[in-house]
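Residue numbers for the sequence shown follow this note's numbering, so the first one is 23 and each next one is one higher.
Ideal placement from N, C-alpha and C gives every residue a C-beta, glycine not left out.
None of the values given here were measured: they were computed from a predicted structure.
Shown next, in structure tokens, is the structure this report addresses.
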Amino acid sequence: VAADTSCAAAAASTANAANAAADDNDPWFPPWITRRATWAAKESTALYAATVSLTRGALASAGVLEQADAVVAEVTRLSQPYISWAYSHAERLFNRGAASVDKARATWNKAVDNLTTLLRELKVAGKVRREHELLIKGLNPQRDERMEREYPDEYWQRQSKRANHMWEDGQGLFGVVWRQVCRFGGGVKEAGTVRVEAVRTSYETRAGPNIAKVRLALAARGAPIAVWLKANYPLAPPWVHRLLGAQLPAESEEELKVLVGDAMGYLLLFLGFISFLYWGLREQSGDHLPDEATWELRHVPSFDDTYLGNVMGGGVDVLITLPGVKRAAECDILVALDEVKVKAMEDWYDVTVPIPEEYRENVAKVLEAGGAVGGGA
23 VAADTSCAAA AASTANAANA AADDNDPWFP PWITRRATWA AKESTALYAA
73 TVSLTRGALA SAGVLEQADA VVAEVTRLSQ PYISWAYSHA ERLFNRGAAS
123 VDKARATWNK AVDNLTTLLR ELKVAGKVRR EHELLIKGLN PQRDERMERE
173 YPDEYWQRQS KRANHMWEDG QGLFGVVWRQ VCRFGGGVKE AGTVRVEAVR
223 TSYETRAGPN IAKVRLALAA RGAPIAVWLK ANYPLAPPWV HRLLGAQLPA
273 ESEEELKVLV GDAMGYLLLF LGFISFLYWG LREQSGDHLP DEATWELRHV
323 PSFDDTYLGN VMGGGVDVLI TLPGVKRAAE CDILVALDEV KVKAMEDWYD
373 VTVPIPEEYR ENVAKVLEAG GAVGGGA
């Protein structure tokens, strides 16, 4: 039994080592990337769990945990349709990009295969041609003399020199293009560096002092709260020390004012964010707009039972359906010879229906005669 156990343990260790080797031999990424990504994922999960636990403990100690859960649930409910819409569009774009990449890869592979086939066939054709030349050499002296006269050695020397010159010109052109690309890349990099430095300088000279002023103003506003906390709670709760990472000294009233001011600033930002979510993501009247309009053309025959008669009555009926619109008085209707336009619901509906030419020939005849069109319009 001991031997079987040791063999099983050895087999398990061998399998684990093989799996680790397989993971490390991933052809797409070096092994250290996978290991570091796994470590970062574990650390991020642990940090997220600690943050959630600390936040819920703080809310529970303040007695607002249930209200906070209700707010989070409501925000989640309101934002879920938008998140699903964004996720579906992102997935659609990703699939379209993947399809484009696959198509480009297939085109590239096909081009490479075609080029390989062409070079191989040229090589085979050249070999067959040389073998054929050796076979027929000397059989037709007149042809050999003509070929030597038309294609002497000087001709092939000139062709070789011309090919070398073209190769050198191609190398020079590639060098020019490469230098332009490098110059453009260097210019973009330099412009990006200058922009980052300008943003950093602007933050240090503009945003930094303004943020400091806001913090000082919030600290001054939070001074009464800091004094009240100092008087009623000289010893802070344990979760405050865990949040701050240090103990608050007894003489830290000024620091407490700054902390209260920062807390007020974060609270204002949070309230602004919640207000934005409420007013921006809440259900609007336009979230449940009716479906798109539909239209249909119906031919009105003339009185003489012909498709296009010579008497009044021939024409077309235009049937436009606007979901949500009850009466025609709610619409702006414009009827012309070649189209019908309808607008409704504050221009939410803007429908243009073209009238085919075969439907309006009789209408044109009646208009030219100065009459009125009966039946369809």
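Residue i classed as buried or exposed, judged by whether at least 16 other C-beta atoms fall within 10 angstroms
i: L289; result: exposed
i: K279; result: buried
i: A241; result: buried
i: G197; result: exposed
i: L156; result: exposed
i: G283; result: buried
i: D48; result: Model confidence at D48 stands at a pLDDT of 49, short of 50, so the residue's coordinates are unreliable and nothing is read from them.
i: A63; result: exposed
i: A248; result: buried
i: A351; result: exposed
i: A84; result: exposed
i: A95; result: exposed
i: R112; result: For clarity, residue 112 is Ala in the given sequence; the question names Arg instead. Counting Cβ neighbours within 10 Å, A112 comes out exposed, since fewer than 16 surround it.
i: A366; result: buried
i: T73; result: exposed
i: C204; result: exposed
Alpha carbon of residue i to alpha carbon of residue j, nearest angstrom
i: L291; j: I342; result: 49 Å
i: G194; j: H187; result: 10 Å
i: W200; j: V134; result: 24 Å
i: Y225; j: A285; result: 22 Å
i: V236; j: R243; result: 10 Å
i: A220; j: F295; result: 29 Å
i: V218; j: G230; result: 16 Å
i: P246; j: E277; result: 13 Å
i: S101; j: L299; result: 8 Å
i: N117; j: T56; result: 25 Å
i: Y109; j: L115; result: 10 Å
i: N131; j: G209; result: 34 Å
i: A234; j: N254; result: 29 Å
i: H321; j: A358; result: 17 Å
i: T215; j: T129; result: 38 Å
i: G148; j: P163; result: 22 Å
i: E212; j: T223; result: 16 Å
i: D309; j: D369; result: Because D309 carries a pLDDT of 49, less than 50, the predicted location of this residue cannot be relied on, and the following value inherits that uncertainty. The straight-line gap from Cα to Cα measures roughly 16 Å.
i: T227; j: R127; result: 50 Å
i: R165; j: Q179; result: 21 Å
i: D175; j: L144; result: 23 Å
i: V23; j: R58; result: Because the pLDDT at V23 is just 41, under 50, the model does not fix this residue reliably, and the value given afterwards should be weighed accordingly. Cα to Cα, the separation comes out at about 40 Å.
i: L137; j: G119; result: 26 Å
i: L281; j: N232; result: 18 Å
i: R142; j: S182; result: 22 Å
Reference residue i, options the options, closest by Cα
i: V340; options: M367, P378, R349; result: P378
i: W317; options: A92, L359, D372; result: D372
i: W301; options: V97, A185, A68, A121; result: V97
i: L293; options: L140, T67, V93; result: V93
i: W250; options: A239, E275, L238; result: E275
Endpoints, alpha helix (DSSP H) assigned at residue i
i: P231; result: 230 to 243
i: P103; result: 87 to 158
i: R184; result: 175 to 224
i: M169; result: 163 to 172
Start and end residues, beta strand (DSSP E) containing residue i
i: T374; result: 371 to 376
i: D360; result: Looking at the DSSP string, D360 is not in any beta strand (DSSP E), and its letter there is neither H nor E.
Contact check, residue i vs residue j, beta carbons under 9 Å
i: V375; j: E361; result: yes
i: C353; j: V338; result: no
i: A315; j: L344; result: yes
i: L81; j: A90; result: yes
i: L87; j: R78; result: yes
Cβ-heavy atom distance, residue i to the ligand NAD, below 8 Å
i: A71; result: Of ligands this structure carries none, so the ligand NAD is not represented either.
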